[in-house]
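Let me begin by presenting the structure, written as structure tokens, before commenting on it.
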Amino acid sequence: MSLMSVQALGKAYKSYKSEWHRVGRWLGLPIKPKEEHWVLRHISFDIRKGEAIGIIGQNGAGKSTLLKLITGTAQPTEGRVIVNGRIAAILELGMGFDAELTGRQNVFHAAGLMGFSYDQIVDVIPQIEGFAEIAEYFDESVRTYSSGMQVRLAFSVATAWRPEILIIDEALSVGDAYFQHKSFSRIREFQEDGTTLLIVSHDRAAIQSLCDRAILLEKGVAIKDGNPEEIFDFYNALIAEKENKTVSLTPTDNGKMQTSSGTGEARVERIAIYNSQAEEVDFVNVGEQIELQVEVKIYKKLETLVFGYGIKDRLGQVMYGTNTWHTKQVIEGPHEGGKYLFRIAFPVNLGVGSYSIQTALTDRDTHLIANYEWRDLALVFNVINTDKTFFAGCLWNQPEITVEEA
Amino acid sequence: MPLMFHALWRYRYFVLSSVQNEIRARFVRSRLGGLWIILNPLAQVAIYAVILSNVLAAKIQGIDNKYSFAIYLTAGIMGWSLFSEIINRCLNLFIAHGNLMKKVMFPKVVLPAVVVGTSVFDNFMLFLAVLGVFAFLGHLPTWEVLWLPVIIATTVILGIGFGLILGVLNVFVRDISQVVPIVLQIAFWFTPIVYPLSVIPESYRYLLQFNPMYPLVKGYQDVLVYGVKPDIHSITMILIVGTLMLVFSFFLFRQASEEMADVL
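Quick mapping for you: the protein sequence lines, in order, are chains A and B. Residue 202 in my numbering sits at position 202 of the first sequence; the count goes up by one each step and never skips. Residue 257 in my numbering sits at position 257 of the second sequence; the count goes up by one each step and never skips.
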């Protein structure tokens, strides 16, 4: 049995000729709404225990509405959500706090609103107080709190009990850096103990490091459901592709989907990595000097051409990226049929693992204005460690360690 | 319905603490604090007593006390203020808690429950003060005062029933919150509170049977002023009317709840 099942969910905002028509309809009169505005429709998915799912989409795609329907603060117009377990939501931290009451009183109030009894709350008060780390402010009225302190307290209450499903809406980025780390590790602990996470965020790094699945919403429809890296690549392409250009997906050798998009005035024809012996390779050693070669062909005369690339790790986090705009090597007025070879030489200061190269052909420093071609997973290569001291992490940062007896 | 009571039971602690917080928050920076619960209606009584006593005082029959008019006024206002406070609170209940309802999932039945809790608490405090004032004026209650909880409960049910219907409609048609205070004001003057029943001409008295607050206000007056058993028959009628209103208001809320969160 799945933990949560969303079945053919849809939500419409109805407007009536007159509000009295609306009331008449509740009373069973045969009145039709003047207009039904569907913000979400035909959404179905199942969530299993311990999964972590990111929900992404542009503003207005229906993400918040979907969360509201799942938490139950809004009711669906059609379809249903079946939940087997307790849901906790970190939607808007500090909701329901009364400025005149003390932190402690507010904890009782907020936890009461979550449906806990007095005794249950008393049991966790020391833990909440300890986690929030607001010291003597705990017994001061919330009016005197900084916004950071409110967030600390609110997060501590919302996560005082481990829920079966934890919903997080853009709230990950609040609070100071220290507390962010602390709250992040609590979320991870929950996840290890079997809590399912449902995260809405634009923060690619947060989603890719926490989630193993992502759902992309576009105009109220779930258009893709799958691996977060793929979904994010598709999403980025989608943003660039506002003006009905095509986005294409081709499977790569390792089973991932390569996303490429763009208007096609310039295209990457060939991409490869060469080692110092000028041999084409996919395995490179830590610290080795290599050269990335990218051949670009121009299909239509352009005013400017900028080539950009990024090296991404297995989870899709960008390790390094730049472009010829920043290096001041913009190509002016390339002609149709022209070919350019970009040779990027660099040492592999990366940790062991699989990496991918992403390329972009644009007219300036961003791909949002003109996007000739954007290609994710253009090339995949592996970094191995044959002769360096063992190390962990994704950065090769050779230290010199001296040990002295003191 | 049973589901609702179950939810209410599960949230009983929250309801209690909300009532407590609300009372605490109301007076957090006022010097007289909780005294205002009592001072407000008593000030109202004093105003009417001073202004109207010369006009109407002589006409209060049935008790032998030179402050009879003040005593009569107090009893009526005590009943009316419970009713009007509940109506006014319910009227804006969903709008005031709109943000909370949109963000947090909780059984909505706790909202009116909190209103009931605070209003009954206020009315009980007022009752204690009134007993003190009456004793000071040389008017002692009889055992019939034990009927008061029944009258209070009926007033609460009627008030919540009306109030929630208006509160639900008010979310969609905000004019209601402007109209209701006027209607309440009119209803106040159409109920024998500041004047005795005897000033209404015999031929118009039948109109009072359409005023659901009349039997309740009369109940307050019967037990507090005259020390007699209230008219159980008419109060039972109002209890039935109030319960029907209450059931209808829950039905209306259920029908409206899908769209309510959308317009709040």
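Beta carbons are placed, not taken as given, at the ideal position from N, Cα and C, and that holds for glycine. None of the values given here were measured: they were computed from a predicted structure.
For residue i, the three-state DSSP class (helix, strand or coil)
| i | result |
| --- | --- |
| A:PHE390 | coil |
| B:ASP262 | helix |
| A:PRO76 | coil |
| A:ILE401 | coil |
| A:TYR118 | helix |
| B:ILE60 | coil |
| A:GLY148 | helix |
| A:TYR13 | strand |
| A:TRP161 | coil |
| B:ARG174 | coil |
| A:GLN208 | helix |
| B:ASN92 | coil |
| B:TYR11 | coil |
| A:ARG48 | coil |
| A:TYR320 | strand |
| A:LEU292 | strand |
| B:SER68 | helix |
| B:MET78 | helix |
| A:LYS297 | strand |
| A:ASN236 | helix |
| A:SER156 | helix |
| A:GLN58 | coil |
| B:ASP122 | helix |
| A:SER2 | coil |
| A:THR65 | helix |
| A:ILE31 | coil |
| A:PHE138 | helix |
Alpha carbon of residue i to alpha carbon of residue j, nearest angstrom
| i | j | result |
| --- | --- | --- |
| A:LEU361 | A:TYR274 | 22 Å |
| B:GLY34 | B:LEU128 | 13 Å |
| A:ASN244 | A:LYS312 | With a pLDDT of 45 at A:ASN244, under the threshold of 50, the modelled position of that residue is not reliable, and the figure given next carries that caveat. Straight-line Cα distance between these residues: approximately 27 Å. |
| A:GLN180 | A:SER209 | 14 Å |
| A:ASP225 | A:LEU216 | 6 Å |
| B:THR118 | A:GLU164 | 35 Å |
| B:VAL228 | B:PHE27 | 36 Å |
| A:ILE134 | A:MET149 | 7 Å |
| A:TYR137 | A:GLN127 | 15 Å |
| A:GLY351 | A:THR386 | 12 Å |
| A:GLY72 | B:MET105 | 6 Å |
| A:SER146 | A:LEU153 | 11 Å |
| A:LEU379 | A:GLN398 | 27 Å |
| A:ASP212 | A:ARG314 | 12 Å |
| A:GLU218 | B:VAL114 | 41 Å |
CB contact check: residue i to chain A, cutoff 8 Å
| i | result |
| --- | --- |
| B:VAL116 | no |
| B:TYR226 | no |
| B:VAL169 | This sequence places Leu at residue 169 of chain B; Val is not what is there. Chain A, which has a Cβ nearer than 8 Å to the Cβ of B:LEU169, makes this yes. |
| B:VAL104 | yes |
| B:SER257 | yes |
| B:TYR11 | yes |
| B:LEU252 | yes |
| B:ALA113 | no |
| B:VAL179 | no |
| B:PHE134 | no |
| B:ASP222 | no |
| B:ALA261 | yes |
Interface flag, residue i vs chain B, CB-CB below 8 Å
| i | result |
| --- | --- |
| A:VAL81 | no |
| A:GLY72 | yes |
| A:LYS182 | no |
| A:GLN75 | yes |
| A:ASN244 | With a pLDDT of 45 at A:ASN244, under the threshold of 50, the predicted position of this residue should be treated as unreliable, though the coordinate-derived value follows. Output row for A:ASN244: interface = no. |
| A:SER5 | no |
| A:SER185 | no |
| A:SER117 | yes |
Cβ-heavy atom distance, residue i to the ligand GTP, below 7 Å
| i | result |
| --- | --- |
| B:LEU82 | Annotation note on the ligand GTP: not contained in the displayed structure, which lists no ligands. |
- Query: Which runs of the alpha helix (DSSP H), 4 residues or longer, sit entirely within the region 185–253 of chain B?
  - Reply: Listed in chain order, the complete alpha helix (DSSP H) runs (minimum 4 residues) inside the region 185–253 of chain B are 213–221.
- the region 15–27 of chain B: which residues have C-beta closer than 8 Å to a C-beta of chain A, in chain order? Listed by position, the residues of the region 15–27 of chain B near chain A (Cβ gap below 8 Å) are SER17, SER18, ASN21, ARG24 and ALA25.
- Item | Residues within the region 93–115 of chain A neighbouring chain B, beta-carbon criterion of under 7 Å | Against chain B - using a Cβ distance shorter than 7 Å - the residues of the region 93–115 of chain A are MET95, GLY96, ASP98, GLU100, LEU101, GLN105, PHE108, HIS109, GLY112, LEU113 and GLY115.
- Can you list, in chain order, the residues of the region 13–28 of chain A whose Cβ is nearer than 7 Å to any Cβ on chain B? Taking 7 Å as the upper bound on Cβ-Cβ separation, chain B lies near residues TYR13, LYS14, GLU19, ARG22, VAL23 and TRP26 of the region 13–28 of chain A.
- Message: Restricting to runs no shorter than 3 residues, where is the beta strand (DSSP E) found entirely within the region 330–400 of chain A?
- Response: Whole beta strand (DSSP E) segments, 3+ residues: 339–347, 353–362 and 371–384.
- Compile a chain-ordered list of the residues in the region 84–109 of chain B whose CB is closer than 8 Å to at least one CB of chain A. The region 84–109 of chain B vs chain A, Cβ under 8 Å: ASN99, LEU100, MET101, LYS102, LYS103, VAL104, MET105 and PHE106.
- Report the residue ranges of all alpha helix (DSSP H) runs contained in full by the region 125–178 of chain B; include only those spanning at least 4 residues, in chain order. Here the runs fully enclosed are 148–172.
- Task: Output, in sequence order along the chain, the residues in the region 144–172 of chain B whose CB is closer than 8 Å to any CB in chain A.
- Result: Those residues of the region 144–172 of chain B placed with their C-beta closer than 8 Å to a C-beta in chain A are LEU169 and PHE172, ordered along the chain.
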